[in-house]
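FYI, the numbering for the sequence shown is -25 to -1, 1 to 692, going by mature numbering (1 follows the signal peptide of the UniProt record, and there is no 0).
Just so you know, even glycine gets a beta-carbon here, dropped at the ideal spot from N, CA and C.
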Amino acid sequence: MRPMQSFWLFGTALLFLCAAMPTHAQITIDTTNPVDWKISNGVVSLDWNSTDAHVFSVHLTGHTDELVDVTSTHNGQPNGLYMDNAGTGSGTNTAGYAFGPNNSYLDWWMTTASNAKNAFTYSQHYIITPGDSGFHVYFVANHSATDVKGSLGQVQYVFRLNLGLFTNTYSYNTGLYNPGASIVPLPSPDVLGNTDPGRQVQNAALDLHGLPVPAGYTRQFYTKYDYSSFEYFHRAHGVYGTTYAAWTVIPTLDSLVGGPTKQDLIFTDNLLMMECLSNHLDNDLGYTPAQGANSSRLFGPYYFHFNTFGGATNTPFALYRQSLASAEGFHHFYDHEQTLLDSGYVPSDQRGRVEIDADLSHHGDFDADDQGHGNSDPDNHGHEHHNWPQPAFAVLSDNQTNFQYTTVGHEYWTEVGNGDSQIKHVAPGTYRLSVYKLGEWGELRHDNIAVAPGDTTRLNEVKFTPENFSTAPPIWTIGTPDRSSHEFLHGHTPDGRDDRQYWGNWNYWADFAANNGAVIYYATPVGLTHATNDLSQWNYNQWQSFDPGLYAGIYNSADDTTDGYKYILPSYVSSPGAAAPPWQIHFTTTKDQQAQGQYAVLSVGLADTESSYIVTLNGHQLIWHGYNLKNSDASLRSGLSGTYQWVVFQWDAADLNPPGEDNVITFSVNHQAGVMYDALRMEITNKSADPAVTGWNDYEYLYNSTYTPANDAAQNQ
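Here it is, written out as structure tokens:
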């Protein structure tokens, strides 16, 4: 993994790119035609339909090109920019607009009223300012005390841009393992628009085998999920061609959902997207206001910016930096945009600050330098080390809520180290503070963090404690507890970046043919068998069955179906739908290790789950009924993580075989997509891992007939 300095490159870029906004031509609006309001600021001209809130035409002054895609239409007009929401019903629409003082801005909108079948009165707003080559959007959902019950499942902007003018995607800092720029030259619209049903191998997944793709496009499938972005350091993304670039910029993070680990769609083909709320890769993530009370939820503002190659901006990176600089200049503007303020935006002088005096030096019950090394034998550590920084993060989110499910209020996060860190520009409210450190187990959770307007909330001695159950080093570990399956087989590219691809790009049955489809991993030496010490021998996902959709016509020209996998299924497998055998971990213990205590405790960090999980130690079975419990679908949507869960399996140490003899743990799943692994750890301890004993509430616990669920509403540490 490369050093992470590049994550902050955008910040330094803004320091020298920001400049005062110049004064340009006046804003004009012509509302004569209700289906074609014409709006201009002298730099960009927009056509907007006041009956459906679509921006269906965009032109830059001095250029004749139409920037939206005119081939995709709705009611005789290009779709352009529109919202693709779930949970908003139909109702009476009204449109309006308001000028700022001295023609300083124009805010216009369409509002849809609630009714007996529509739970929300919601408004789609747009803002334009003089002389800027972009515009802003925000969405407001109001739910009154008398409105019917409802939820928002998705709030999303989709911008359909000219297919011939925007032929590459550009993203930056899309994940902890993907620092810097990612540029993708797109296949032609004819290829991406292929309608052969045999090539539609999954929802939003196209099999490209045998079709022409441009130089630099290295994949055999196209799916929008390959290009989703974590929100850790995501600030902007865009599409560009030879002349123009278009960008989605996120000026502030606080109206997003799901915290820094949330992944959002940013492209579909050359569609430019802004996903404000969705359950993509993290299921059951929706906004549900309380009944019987008045509430309002603001998403945004977000910023769409256009620029062109030329002069100092002659590279995609330069255009990217320019879009960030332009957005940075609007923070002061938002503080004085009255319609935005009336919609719930909190101005800077009404925000507070949180200072965190963090202590990350505590190593739990054993020296962290020994973590994962098993006993003192250097050949008995069961995993490989990563030579890259392990950052820690502090998150402010909905109170008494797992930050992965924060949707109601504002959210903020920052990287933290030992000593002082701060989160600025925090809207007043009551928050949960969560702190977690990649590479360690556990999560600090403190509730009722109050932030007042204009004040600083000081949090002293915030001590994160790695949640180790034993005072001794683990017997073995596999993987790194970083909430991702990145380190395992098919999790990363040769240069260490996340390898997010359609799951049909892999061939599980062929990968593990040597063991008839089973993963068999030696976490320590057993007899004459050496420890595996190779994470490529552990698959990133444990499938119950593996039968991905593949275009069959590649293997049989007469077969125009998605059943192509049957043609490459290894002969030892009975059928494409055959169940995979249980996985196995083998290990031994020493006499001293068995003397450590009366319990054998297995921690399993799961980066994504869509199944229950059956684990046995030397035949002693425990079943975690995880199906429909915080499930997410990252495995089927090119992800390496979804909703993170930690499950603890505890047995009596008497269930271990005598020192030096082979112990076998088996792992099975009972639904097709199975589970995705983050890390595993085996400990022997004299203290039970029962949350009632440890006082920790952030994991699922199983022992004999006892099951204790994680308590997300409780504080931790």
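Residue range Pro291 to Glu303 is occupied by the alpha helix (DSSP H) that includes Leu299.
Counting along the chain, Thr314 sits inside the alpha helix (DSSP H) bounded by residues Gln313 to Asp317. The DSSP-derived three-state label of Asp567 is helix. Going by C-alpha positions, Leu611 is about 35 angstroms away from Ala293.
Between the beta-carbon of Gly404 and that of Gly384 there is about 6 angstroms, and that keeps the pair under the 8 angstroms contact cut.
Boundaries of the beta strand (DSSP E) around Trp626: Gln620 to Asp627. Secondary-structure assignment with DSSP links Gly139 through no beta bridge to anything. Where His307 is concerned, the enclosing alpha helix (DSSP H) starts and stops at His306 to Tyr309. Annotation: the continuous beta strand (DSSP E) that includes Thr452 extends over Trp451 to Gly454.
Considered as a whole, the region 141 to 201 harbours 143 to 147, 156 to 160, 175 to 177, 180 to 182 and 196 to 198 as its complete beta strand (DSSP E) runs of no fewer than 3 residues, in chain order.
Take Pro160, set aside five residues on each side of it, and the residues of its chain with a beta-carbon closer than 8 angstroms to its own are Thr142, Asn143, Pro189, Ala190, Gly191 and Tyr192, in chain order. Assignment of Trp222 by DSSP, reduced to helix, strand and coil, places it in the strand class. With a cutoff of 8 angstroms on beta-carbon distance, Ser396 and Ile331 are scored as near each other. In this model, Asn491 and Gln559 are separated by some 12 angstroms (Cα to Cα). Linking Gly128 to Leu260 through their CA atoms gives a straight-line distance of about 7 angstroms. Just so you know, the alpha carbons of Asn153 and Thr236 end up roughly 14 angstroms apart. Per DSSP, Ala73 lies in no alpha helix (DSSP H); the unbroken beta strand (DSSP E) holding it starts and ends at Asn68 to Phe74. For Arg420, the pairing in a beta bridge is given by DSSP as Ser409 and Asn691. Gly614 is the residue among Ser607, Gly614 and Asn606 whose C-alpha sits nearest the C-alpha of Asp473. With 16 or more other Cβ atoms from the protein chains shown falling within 10 Å of its own Cβ, His561 counts as buried. Take Val576, set aside five residues on each side of it, and the residues of its chain with a beta-carbon closer than 7 angstroms to its own are Phe444, Val623, Gln625, Glu658, Thr660 and Ala664, in chain order. Closest in alpha carbon position to Asn16, among Thr104, Thr39, Gln52 and Asn531, is Thr104. Three or more beta-carbon pairs separated by less than 8 angstroms are not found between the region 502 to 511 and the region 528 to 543, which leaves the two stretches without contact. Taken through DSSP and simplified to helix, strand or coil, Gly539 comes out as helix. Nearest to Val123 by C-alpha distance, out of Tyr219, Ala88 and Asp107, is Ala88. Taking 8 angstroms as the cut-off, the beta carbon of Val33 is found no closer than this to the beta carbon of Ser108. Around the Cβ of Gln177, a 10 Å sphere holds 16 or more other Cβ atoms; the residue is buried. Using a Cβ distance threshold of 8 angstroms, Ala302 and His280 count as a contacting pair. Taking a C-beta distance under 8 angstroms as the contact criterion, Leu655 and Ile453 qualify as a contact pair.
When DSSP states are grouped into helix, strand and coil, Ala369 belongs to the strand group.
The region 204 to 218 makes contact with the region 130 to 142, as at least three CB pairs between them are under 8 angstroms.
In the structure shown, Ala61 adopts extended strand secondary structure according to DSSP, grouped into three states. Residue pairing by DSSP places Asn90 opposite Asn93 in a beta bridge. Looking only at Thr641, Ser146, Pro226 and Val115, the smallest Cα-Cα distance to Gly304 is reached by Pro226. Of the other Cβ atoms in all chains shown, fewer than 16 fall within 10 Å of the Cβ of Lys438; this residue is therefore exposed. Gln692 and Val329 have their alpha carbons spaced roughly 19 angstroms apart.
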